[in-house]
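First up is the structure itself, then whatever we jot down about it.
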Amino acid sequence: MKISQILSILIAFAAVASAVPNTFENAKRQEAKNPVDEVVKSTGWSVRTRFLNYIPEDIGKERMDFFLSVHQGIWQELADLENKLTESAKANKADAALANQIGNAWMTLFNGKVPDFKNLSTEPPK
């Protein structure tokens, strides 16, 4: 699995998807509601666990050791960014700059470095 695929999976987890009703009749009866309202806030621990569960087995020992050594505070910073993105979605305000910061933070981690959360680019990840 390529790093870009892993990044896509993680960004998809950060994004919110609505559930599709089982039947057309059921869909007509359902009251429209914002699925974001039901999303549980991320924690550093949940972000770390989710990430480690999706790392391919052939990632390499050195890279895996790096991911395992990342301080819990870094995972919490990522969770805080995810929670901010969720809050903006709840307010129906797309925040592309924040989504880009999340993507850039993940790309920095994938490249074996700890992200500098005070200086994350708001440009799309490269």
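In terms of mature numbering (1 follows the signal peptide of the UniProt record, and there is no 0), the sequence shown is residues -19 to -1, 1 to 107.
Cβ atoms here follow ideal geometry from the backbone N, Cα and C, with glycine treated the same way.
Quick one: what's got a C-beta closer than 6 Å to residue i's C-beta in the same chain, skipping five residues either side?
| i | result |
| --- | --- |
| P96 | A86 and T89 |
| E58 | F98 |
| S69 | D76 |
Alpha carbon to alpha carbon, how far is residue j from residue i? Give it in angstroms, no decimals.
| i | j | result |
| --- | --- | --- |
| K107 | S23 | 25 Å |
| L49 | R29 | 9 Å |
| G93 | T67 | 27 Å |
| A77 | N64 | 14 Å |
| G84 | E43 | 22 Å |
| L62 | K71 | 14 Å |
| E104 | E38 | 31 Å |
Using only CA atoms, which one of the options lies nearest to residue i?
| i | options | result |
| --- | --- | --- |
| N100 | N81, F91, M45 and K74 | N81 |
| G41 | A72, E104 and F91 | F91 |
| I55 | G25, V21 and E104 | G25 |
Throw me the rounded Cβ distance for the residue i and residue j pair, which I believe falls under 8 Å.
| i | j | result |
| --- | --- | --- |
| S102 | A60 | 20 Å between Cβ atoms; not a contact. |
Please list, in chain order, all residues of the same chain as residue i whose beta carbon is under 7 Å from its beta carbon, the five residues on each side excluded.
| i | result |
| --- | --- |
| F47 | G93 |
| H52 | none |
With a CB to CB cut of under 8 Å and the five nearest residues on each side skipped, what residues in its chain are close to residue i?
| i | result |
| --- | --- |
| M45 | I36 |
Please confirm whether residue i has its beta-carbon closer than 8 Å to some beta-carbon of chain E.
| i | result |
| --- | --- |
| K42 | No chain E is present in this structure, which holds just one protein chain. |
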